[in-house]
Amino acid sequence: IQIHRPIIYGNSAVLLTATERATAPADHTHRWTLAVRSAASVEGRAEQVGGAEDLSYFIKRVTFKLHDTYPNPNRAVDKPPFEVTETGWGEFSVQILITFIPEAQEKPIRLNHYIRIHQWHMPEPFWDPESGLPKPAAPTPMPQQDSVHAWQYDEIVFTEPPQAFFDILRQHPPVALPKVRRKGVPPNMANPQSIASMSRGIPEFTQVMEREEAERLDQ
Ligand code: SLL
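First residue of the sequence shown: 263, per my numbering; consecutive thereafter.
This is the structure:
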């Protein structure tokens, strides 16, 4: 028996407003949220990628190892939502450790994510020529338009789960991804088209993407 659970991991980021920059550490330009979430999105909750379900029925803890420039870089999150929000100035690689509930009798799994904060495709006026930094966001930034997204879809597969864990999984079937495209596509290096046509705004994983990915693999 194999049981899988779809997850996404990654980050979204927005520019700090001028007011926020005044109180944040001097060189900080962005606020980002790093997370492990269920792949399906909450319908009608426009500002978030994924997260329709609470994954704590099988995940006990998620530890995010941030860059050493952050105080206490090892951030353990013991209850949902499994995420960390910080401000900063740079992009870096994060190690994510997912620990399962004891019933699973599974070893923790390790994932890597590269935190993205910059709109690399943004035109020149976006950048301040003096400092070389992105200009602060408008006083009321529009998260749909001004956010950066870097998310990876994955499936956690449990092979021959112990009976107690099998029962828990069976009581919590995963929420299906939407069949059709309702929003933009999360940019991914494996899908060059998704980068060429990078739409701004909040993306979403769908069953259409799953089919397209299978076609790319076939090719
Ligand atoms: C590098 N990519 O490899 C860069 C590191 C570090 C990011 C980026 C702020 C931490 C703080 C921050 O954004 N660190 O000073 O609070 O060199």
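Cβ coordinates follow ideal geometry from the N, Cα and C atoms, glycine included.
Owing to the predicted nature of the structure, the values given are computational and were not obtained by experimental measurement.
Subject >> Counted within 10 angstroms of its Cβ, other Cβ atoms place I371 as buried (16 or more) or exposed >> reply: The count along the sequence shown starts at 1 and reaches residue 371 at position 109. I371 should be labelled exposed.
Original post:
Taking C-beta to C-beta, are I360 and H375 nearer than 9 Å?
Top reply: On the sequence shown, residue 360 is found 98 positions in, with the first residue counted as 1. On the sequence shown, residue 375 is found 113 positions in, with the first residue counted as 1. H375 sits away from I360, with the two beta carbons spaced by 9 Å or more.
Original post:
Closer than 8 Å: is that where the CB of H329 sits relative to any heavy atom of the ligand SLL?
Top reply: In the sequence shown, residue 329 corresponds to position 67, counting from 1. Distances between the C-beta of H329 and the heavy atoms of the ligand SLL include at least one below 8 Å.
**OP:** Could I get the ranges of all uninterrupted beta strand (DSSP E) runs contained in the region 354-437, with 3 residues as the minimum, in chain order?
**Re:** Complete beta strand (DSSP E) runs here, min 3: 355-362, 371-376, 410-421.
**OP:** Please check the pair T325 and N336, which I expect to be a contact at CB under 8 Å, by giving their CB distance rounded to whole angstroms.
**Re:** The sequence position of residue 325 within the sequence shown is 63, counting from 1. The sequence position of residue 336 within the sequence shown is 74, counting from 1. Contact holds; Cβ gap of about 6 Å.
Original post:
Are the region 304-319 and the region 277-291 touching by the rule of at least three beta carbon pairs closer than 8 Å?
Top reply: Taking one beta carbon from each stretch, the region 304-319 and the region 277-291 have fewer than 3 pairs nearer than 8 Å; the two do not touch.
**OP:** Please state whether DSSP places R323 in a helix, a strand or coil.
**Re:** Here residue 323 is taken as the residue at index 61 of the sequence shown, counted from 1. DSSP, read as helix, strand or coil, puts R323 in strand.
**OP:** With a threshold of 8 Å, establish whether the CB of G306 neighbours any heavy atom of the ligand SLL.
**Re:** As a working mapping, residue 306 is identified with position 44 in the sequence shown. For G306, the CB stays at least 8 Å from every heavy atom of the ligand SLL.
Subject >> Opening and closing residue of the beta strand (DSSP E) in which E474 lies >> reply: Here residue 474 refers to the residue found at position 212 of the sequence shown. Per DSSP, E474 belongs to no beta strand (DSSP E); it is in the alpha helix (DSSP H), 469-480.
Subject >> Identity of the residue in Q264, P423, D480 nearest P364 by Cα >> reply: Here residue 364 refers to the residue found at position 102 of the sequence shown. Checking every option, the nearest Cα to that of P364 belongs to P423.
Original post:
Using CA coordinates, which residue listed in D289, F320, A280 is at the minimum distance from V298?
Top reply: What you label residue 298 is simply residue 36 of the sequence shown in a count that begins at 1. Ranking D289, F320, A280 by Cα distance to V298 puts F320 first.
Original post:
Going along the chain, which residues of its own chain have a beta-carbon closer than 6 Å to the beta-carbon of K397, five neighbours each way excluded?
Top reply: Position 135 of the sequence shown, counted from the start, is the residue given in the question as residue 397. Counting only Cβ-Cβ distances below 6 Å, and skipping sequence neighbours, we find D390.
Original post:
Can you name, in chain order, every residue of its own chain whose Cβ lies under 6 Å from the Cβ of T468, other than the five neighbours on each side?
Top reply: As a first step, residue 468 is located in the sequence shown; it is residue number 206 there, counting from the start. Excluding the 5 residues flanking it on each side, T468 has same chain C-beta neighbours closer than 6 Å at L439, P440, R443, in chain order.
Original post:
From this set, W413, E475, V356, L431, which residue's C-alpha is nearest T331's C-alpha?
Top reply: Taking the sequence shown and counting its residues from 1, one reaches residue 331 at position 69. Of W413, E475, V356, L431, the residue nearest in Cα terms is V356.
Subject >> Residues that DSSP places opposite L296 in a beta bridge >> reply: As a working mapping, residue 296 is identified with position 34 in the sequence shown. Per DSSP, N273, V346.
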